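Shown next, in structure tokens, is the structure this report addresses.
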Amino acid sequence: MSFLFGRARGRAAADLPKQAHDHITKLDGPNGASKAEELARVLNQMKLILQGTNEADNSPEQIYQLVTGLIEEDLLYLLATNLHRLPFESRKDAQVIFSYIFRFRTTVSTTNSDPIALSYVVNSRPQVVIELCRAYDHKESATPAGSVLREILKNEAAASIILHDDGDEPGSSARGIKSIDPHSRLPLTLSPPFETFLPVTRI
4 MSFLFGRARG RAAADLPKQA HDHITKLDGP NGASKAEELA RVLNQMKLIL
54 QGTNEADNSP EQIYQLVTGL IEEDLLYLLA TNLHRLPFES RKDAQVIFSY
104 IFRFRTTVST TNSDPIALSY VVNSRPQVVI ELCRAYDHKE SATPAGSVLR
154 EILKNEAAAS IILHDDGDEP GSSARGIKSI DPHSRLPLTL SPPFETFLPV
204 TRI
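Mapping of the sequence shown onto my numbering: residues 4 to 206, in sequence order.
Laid out in structure tokens, this is it:
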């Protein structure tokens, strides 16, 4: 029975990101309220897969499936941009999801390698970090976004994304960490979460 339960959880881990993508992209539709409820249920299931339950420990394989699904469905960006719209409990679940997957490494990863999701964000989807900073514009999402930022901004590359965010200007971090021109102008002001969490040395 535990074998069958594990297989069911494995399928769920692979399917949940697709379900969440469907729900979150329809929040503005005529069935927005019901989609918000369904999204809340899916986010809670994701949290349980990441943290485990009293009946079953979490599984690195299932977590890997979940992380890759979140990346493929661009759900990290969608959650960051819609964080303020989620109900209170769903915002807490989203905070747990962000924090956990930004720390998750596969069993074959070295301690010096960046976690999968964090590496993806800084190299290919830096807008996720920027949108988490913009979550400070909404009182509903300021606390969960701030908790996530406290963790990821310990990563030098993630910090550079914010320091060099200059929209579509040449040398901006908008296209990922490799597009940054180290000699480009730094923004004159920093967003509140970055200014709060990290000391800044001007160059």
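Each residue gets a CB set at the ideal place from its N, CA and C atoms; glycine is no exception.
Here the structure is a predicted model, which means the values were calculated and not measured.
1) Within a Cβ cutoff of 7 Å, which residues of the same chain sit near residue 118, ignoring the five residues on either side of it in sequence?
2) Taking 8 Å as the cut-off, decide whether the C-beta atoms of residue 16 and residue 46 are in contact.
3) In the DSSP assignment, the alpha helix (DSSP H) including residue 41 goes from what residue to what residue?
4) Nearest to residue 154 by CA position, among 44, 136, 169, is which residue?
5) What residue range does the alpha helix (DSSP H) around residue 162 cover?
6) Counting only runs of 4+ residues fully inside the stretch 103-145, write out the alpha helix (DSSP H) ranges in chain order.
7) Using C-beta distances below 7 Å, list every residue in its chain close to residue 183, excluding the 5 sequence neighbours before and after it, in chain order.
8) Please report how far the alpha carbon of residue 146 lies from the alpha carbon of residue 99, in whole angstroms.
9) Give the secondary structure of residue 180 by DSSP, where H, G and I count as helix, E and B as strand, and everything else as coil.
10) Between which two residues does the alpha helix (DSSP H) containing residue 90 stretch?
11) Is there contact here, the stretch 84-101 with the stretch 46-59, by at least three beta-carbon pairs under 8 Å?
12) Counting Cβ pairs closer than 8 Å, one from the stretch 66-84 and one from the stretch 125-140, do we hit at least three?
13) Work out the CA separation of residue 65 and residue 134 for me, nearest whole Å.
14) Can you look up residue 84 in the DSSP assignment and give me helix, strand or coil?
15) Can you tell me which of 122, 77, 131, 26 puts its alpha carbon nearest to the alpha carbon of residue 159?
16) Output needed for residue 75: all residues of its chain with C-beta closer than 8 Å, excluding positions within five of it in sequence on either side, in chain order.
17) Let me know the secondary structure DSSP gives residue 19 once reduced to three states.
18) Could you check if residue 111 is buried or exposed, using at least 16 other CB atoms within 10 Å of its CB as the buried criterion?
19) Just confirm the distance between the C-beta atoms of residue 125 and residue 180, as a whole number of angstroms; I'd bet it's less than 8 Å.
This is what the structure holds:
1) Working through the sequence shown from its first residue, we reach residue 118 at position 115. For residue 118, same chain residues with a beta-carbon under 7 Å away, outside a window of 5 residues either side, are 105, 106, 107, 108 in chain order.
2) On the sequence shown, residue 16 is found 13 positions in, with the first residue counted as 1. On the sequence shown, residue 46 is found 43 positions in, with the first residue counted as 1. Going by C-beta atoms, residue 16 is not nearer than 8 Å to residue 46.
3) The sequence position of residue 41 within the sequence shown is 38, counting from 1. That run of the alpha helix (DSSP H) goes 35-54.
4) Here the question's residue 154 lines up with position 151 in the sequence shown. Nearest of 44, 136, 169 to residue 154, Cα basis: 136.
5) Position 159 of the sequence shown, counted from the first residue, corresponds to residue 162. That run of the alpha helix (DSSP H) goes 159-166.
6) 119-127, 130-137
7) Here residue 183 refers to the residue found at position 180 when the sequence shown is read from its first residue. Only 163, 167, 174, 176 meet the Cβ criterion.
8) Taking the first residue of the sequence shown as position 1, residue 146 is located at position 143. Taking the first residue of the sequence shown as position 1, residue 99 is located at position 96. Cα-Cα distance, rounded: 12 Å.
9) Position 177 of the sequence shown, counted from the start, is the residue given in the question as residue 180. Looking at residue 180 - three-state DSSP - the assignment turns out to be helix.
10) Position 87 of the sequence shown, counted from the start, is the residue given in the question as residue 90. Looking at the DSSP string, residue 90 is not in any alpha helix (DSSP H), and its letter there is neither H nor E.
11) yes
12) Taking 8 Å as the limit for Cβ pairs, the verdict is that the stretch 125-140 does touch the stretch 66-84.
13) In the sequence shown, residue 134 corresponds to position 131, counting from 1. In the sequence shown, residue 65 corresponds to position 62, counting from 1. Cα to Cα, residue 134 sits roughly 27 Å from residue 65.
14) Within the sequence shown, numbered from 1, the residue matching residue 84 stands at position 81. The answer is helix: DSSP assigns residue 84 an H, G or I state.
15) For the purposes of this step, residue 159 is taken as residue 156 along the sequence shown, with counting starting at 1. Minimum Cα distance to residue 159 is reached at 122.
16) Numbered from its first residue, the sequence shown carries residue 75 at position 72. If we look at residue 75 and ignore the five residues flanking it on each side, its Cβ neighbours are 20.
17) Working through the sequence shown from its first residue, we reach residue 19 at position 16. Looking at residue 19 - three-state DSSP - the assignment turns out to be helix.
18) As a first step, residue 111 is located in the sequence shown; it is residue number 108 there, counting from the start. It counts as exposed.
19) Position 122 of the sequence shown, counted from the start, is the residue given in the question as residue 125. Position 177 of the sequence shown, counted from the start, is the residue given in the question as residue 180. With 8 Å as the limit, residue 125 and residue 180 qualify as a contact, their Cβ atoms being about 5 Å apart.
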